[in-house]
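K.L.:
I have a structure here, written as C-alpha cells, and I will follow up with some questions on it.
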Amino acid sequence: MIIRAIPDPRKSSSRQTVLGAIPVISKGFIQLESESSQDIQRPNLFNDKALKYVRDIADIADISVKGQEKKISINSNGKSTLLSPRITKSVRQLLEPKKAHSAIGNVEGELSTLTDRRGFKMVVYRSLDGLPVDCVTDDPQLISEAIAAFSKRVSVHGTVRYNSKGLPTSVTAEQIKVFRPDNELTPLSEIKGILR
Numbered sequence: 251m252i253i254r255a256i257p258d259p260r261k262s263s264s265r266q267t268v269l270g271a272i273p274v275i276s277k278g279f280i281q282l283e284s285e286s287s288q289d290i291q292r293p294n295l296f297n298d299k300a301l302k303y304v305r306d307i308a309d310i311a312d313i314s315v316k317g318q319e320k321k322i323s324i325n326s327n328g329k330s331t332l333l334s335p336r337i338t339k340s341v342r343q344l345l346e347p348k349k350a351h352s353a354i355g356n357v358e359g360e361l362s363t364l365t366d367r368r369g370f371k372m373v374v375y376r377s378l379d380g381l382p383v384d385c386v387t388d389d390p391q392l393i394s395e396a397i398a399a400f401s402k403r404v405s406v407h408g409t410v411r412y413n414s415k416g417l418p419t420s421v422t423a424e425q426i427k428v429f430r431p432d433n434e435l436t437p438l439s440e441i442k443g444i445l446r
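What follows is the structure, given as C-alpha cells:
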C-alpha cells in the first residue's frame with residue numbers, strides 16, 4: 251500500500267506538515283523497534299490514534315499463515331523498517347495507562363497567554379493539538395524573553411510534568427527558543443524547485 255501526502259495550497263502550514271511527516275514516520279518506527287521496554291518514549295507526533303494503527307499493522311505481522319510468518323515493512327524517506335513483535339510490545343506499553351511523572355523535555359507551540367499573578371506564568375498552546383501547557387519561571391531573563399516572544403511560535407525547554415495520559419500539563423522553564431514566522435520561511439514555489 252502506498253500513502254502519498256500532498257500539501258494543500260490553500261493552507262500555508264500544509265507544506266511544513268507534509269515535509270515534516272516524511273522523516274517522522276521512519277524515525278518513529280525505528281525508535282519503537284530499538285528502545286528497551288524500560289525507557290520507551292513516545293515517538294514525536296505519534297498520538298494515541300497513530301499508535302493504535304501501528305499496533306494493528308504490527309499485529310498482522312504476528313499472525314502466521316500455515317506456519318509461515320507474514321513480513322510487513324514500512325518504507326519512508328528511503329528507509330525500510332520491518333515490523334516486529336518488539337514494536338507491538340512498545341506500542342502496547344505506550345498505550346497503557348501511566349502514572350503522572352516529570353522529565354526534561356520541550357513543549358512547542360504558540361505563546362498566547364502571559365500572567366504575573368502569584369508568580370510569572372506563560373501558556374503555550376501546542377502546535378500538535380492545541381493543548382494549553384502552563385510554563386512557569388522566576389528567572390528575570392526568561393521573563394523578558396517570554397514577553398518579547400508573545401504570540402510567536404516557541405519551544406520551551408525544562409522539566410515537563412505529564413499527566414496519567416502522558417500529556418504535558420506544565421513546564422518549569424529553563425530556556426525559550428523562538429521560531430521564525432511563516433513569512434520568513436522558504437516559499438513553496440522555491441521548495442518545489444529544490445526538490446526537482
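The sequence shown begins at 251 in the working numbering and counts up one residue at a time.
All C-beta atoms, glycine included, are put in the ideal place defined by N, C-alpha and C.
Cα separation between residue 413 and residue 389?
P.N.:
Approximately 25 Å between the Cα atoms of the pair.
K.L.:
Is residue 393 closer than 8 Å to residue 370 when the C-beta atoms are compared?
P.N.:
Between residue 370 and residue 393, the C-beta spacing is below 8 Å.
K.L.:
From residue 309 to residue 273, what distance separates their C-alpha atoms?
P.N.:
23 Å
K.L.:
Could you give the DSSP three-state label for residue 384: helix, strand or coil?
P.N.:
strand
K.L.:
Flag this pair as yes or no: are the beta carbons of residue 405 and residue 427 separated by less than 8 Å?
P.N.:
yes
K.L.:
Can you check DSSP and say which residues form a bridge with residue 266?
P.N.:
The partner list for residue 266 (beta bridge, DSSP) is empty, contrary to what the question assumes.
K.L.:
Report all residues from its chain with a CB closer than 6 Å to the CB of residue 295; omit the five preceding and five following residues, and keep chain order.
P.N.:
274
K.L.:
Note down the Cα distance separating residue 279 from residue 386, rounded to an integer number of angstroms.
P.N.:
For the pair residue 279 and residue 386, the Cα-to-Cα distance works out to about 33 Å.
K.L.:
For residue 358, tell me which candidate among 351, 377, 346 has the shortest Cα-Cα distance.
P.N.:
377
K.L.:
Using the rule of at least 16 other Cβ atoms within 10 Å of the residue's Cβ for burial, across every protein chain shown, is residue 335 buried or exposed?
P.N.:
exposed
K.L.:
Is residue 283 helix, strand or coil when you go by DSSP?
P.N.:
helix
K.L.:
Considering only residues of the segment 291-357, which uninterrupted alpha helix (DSSP H) runs meet the minimum length of 4 residues and lie entirely inside it, listed in chain order?
P.N.:
298-312, 335-345
K.L.:
Of all the options 283, 367, 270, 362, which has the alpha carbon lying nearest to the alpha carbon of residue 373?
P.N.:
362
K.L.:
Return the bridge partner residues of residue 405 from the DSSP annotation.
P.N.:
358, 427
K.L.:
In whole angstroms, what is the alpha-carbon distance linking residue 354 and residue 410?
P.N.:
In a straight line, the C-alpha of residue 354 is about 6 Å away from that of residue 410.
K.L.:
Label residue 323 either buried or exposed according to how many other C-beta atoms from any shown protein chain fall within 10 Å of its C-beta, with 16 as the threshold for buried.
P.N.:
exposed
K.L.:
Leaving out five residues on either side along the sequence, give the residues of the same chain with a beta carbon under 7 Å from the beta carbon of residue 329.
P.N.:
Sequence-distant partners of residue 329 (beyond 5 residues in either direction) whose C-beta falls short of 7 Å from its own C-beta, in its chain, are 276.
K.L.:
My output table needs one value for residue 390: the three-state DSSP class, helix, strand or coil.
P.N.:
helix
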